[in-house]
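A short worksheet on the structure shown next.
Residue numbers (full-length UniProt numbering): 1 to 190.
And the structure:
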């Protein structure tokens, strides 16, 4: 599976107007979630050097009457281009965050850092947009299209997502290729 993704800072952007623009362009508001992402480093290679990621996510629906946490484990391969955050991705649900965390540690994976965010989902056809408020970093938008077939015309999808970003009046200068983990690690060392 190929996750074709763009991310941009929302610094200086009116998020109320952005939400209106999403609605006007046919996006339907989805769930609001609080996501806690725990990242691990490899036991046989340094994921920072190979541009890979292993993430354990606990996802809590904020708008539910009786919120229940769900847990996912995700492997992300290295980025495939210089324009976006597009990369191969494998993800599956797991039953228990704490047990999976201990299992990974027992296998020799080391915890790197935790990323916490509140996320609003918006959907239109096969595009998902997330408005994120990331602890320690600020506000961001992510535009994503997941393709099961990795031979998809990736460049055409990236161009479509860039056009969508421009239609929301978000300048190209706000685009980022770094993950939230990379941004937080850079902030911690500066």
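Virtual Cβ for every residue (Gly too), placed ideally from N, Cα, C. Remember, predicted model here, so these are calculated numbers, not experimental data.
Chain-order list of residues whose beta-carbon lies under 8 Å from that of residue i (same chain, five-residue window excluded)
i	result
residue 28	122, 123 and 124
residue 96	71
Rounded C-alpha distance that separates residue i from residue j
i	j	result
residue 85	residue 65	34 Å
residue 1	residue 11	31 Å
residue 178	residue 63	29 Å
residue 81	residue 143	16 Å
residue 91	residue 38	14 Å
residue 77	residue 49	12 Å
residue 22	residue 168	8 Å
residue 13	residue 24	17 Å
residue 18	residue 44	43 Å
Proximity below 8 Å, CB of residue i to CB of residue j
i	j	result
residue 83	residue 71	no
residue 36	residue 119	no
residue 79	residue 51	yes
residue 6	residue 165	yes
residue 3	residue 89	yes
Burial state of residue i, where buried means 16 or more other Cβ atoms lie within 10 Å
i	result
residue 101	buried
residue 132	buried
residue 59	buried
residue 157	buried
residue 93	exposed
residue 53	buried
residue 188	exposed
residue 186	exposed
residue 198	Since the first residue of the chain shown is 1 and the last is 190, residue 198 is not available in this structure.
Beta-bridge partners of residue i, as assigned by DSSP
i	result
residue 178	DSSP, once it has assigned bridges, lists no residue as partnering residue 178.
residue 7	142 and 176
residue 35	59 and 117
residue 156	DSSP output for residue 156 lists no bridge partner at all.
Proximal residues to residue i (C-beta, below 7 Å), its chain only, five neighbours per side dropped
i	result
residue 184	113, 115, 136 and 137
residue 140	7, 8, 9, 10, 132 and 134
Other residues of its chain near residue i: CB distance less than 6 Å, five sequence neighbours each side excluded
i	result
residue 127	145
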